[in-house]
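Have a look at the structure below, then the notes.
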Amino acid sequence: MLFAVIGCSAGKTRDEIMAIYPRHKAFLDQFLARGEIVGVGPFTDSGGGNMALFRSRAAAEAFARSDPFYLEGAVKEYQIKDWGDTMLS
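Heads up: the sequence shown begins at 173 in our numbering, then just goes up one per residue.
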């Protein structure tokens, strides 16, 4: 099983998001280095937001709680969903 962390956009401008991005990337790199993340990225439709897939609920919760995009208001909220993956996990 994988754990999807789905972020809802808070409507920040691209410039505001990019100002936060270096802190978000440094935070995300910690999860990548530990092998806790399968994939991550923004939605490209007009609704915006983002999604990341984690190997454990603990890692997903730690990310959702402390991601700079969330703490600094680029993401309004994160939702964590258990995903019954049959190929990646």
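All C-beta atoms in this analysis are idealised placements derived from N, C-alpha and C, irrespective of residue type, glycine included.
Since we're looking at a predicted model, the values are computed, not measured.
Can you check which of these residues, the options, is closest to residue i by C-alpha distance?
i: residue 201; options: 173, 224, 179; result: 224
i: residue 216; options: 181, 257, 252; result: 181
i: residue 220; options: 185, 257, 256, 173; result: 185
i: residue 197; options: 173, 235, 249; result: 235
Once the 5 residues before and after residue i are set aside, which same chain residues still bring their CB inside 8 Å of it?
i: residue 228; result: 175, 208
i: residue 247; result: 179, 180, 181, 182, 221, 222, 239, 241
Whole angstroms is fine: what's the gap from residue i's alpha carbon to residue j's?
i: residue 187; j: residue 230; result: 31 Å
i: residue 161; j: residue 177; result: Nothing about residue 161 can be reported from this structure: the residues present for the chain run from 173 to 261 only.
i: residue 242; j: residue 194; result: 14 Å
i: residue 199; j: residue 239; result: 7 Å
i: residue 249; j: residue 173; result: 23 Å
Output needed for residue i: all residues of its chain with C-beta closer than 6 Å, excluding positions within five of it in sequence on either side, in chain order.
i: residue 222; result: 179, 214
Any idea what DSSP makes of residue i, helix, strand or coil?
i: residue 236; result: helix
i: residue 176; result: strand
Looking at the unbroken alpha helix (DSSP H) that takes in residue i, where does it start and where does it end?
i: residue 224; result: Run containing residue 224: none in the alpha helix (DSSP H); it sits in the beta strand (DSSP E), 222–226.
Within the continuous beta strand (DSSP E) that includes residue i, where are the two ends?
i: residue 248; result: 247–255
i: residue 211; result: 209–214
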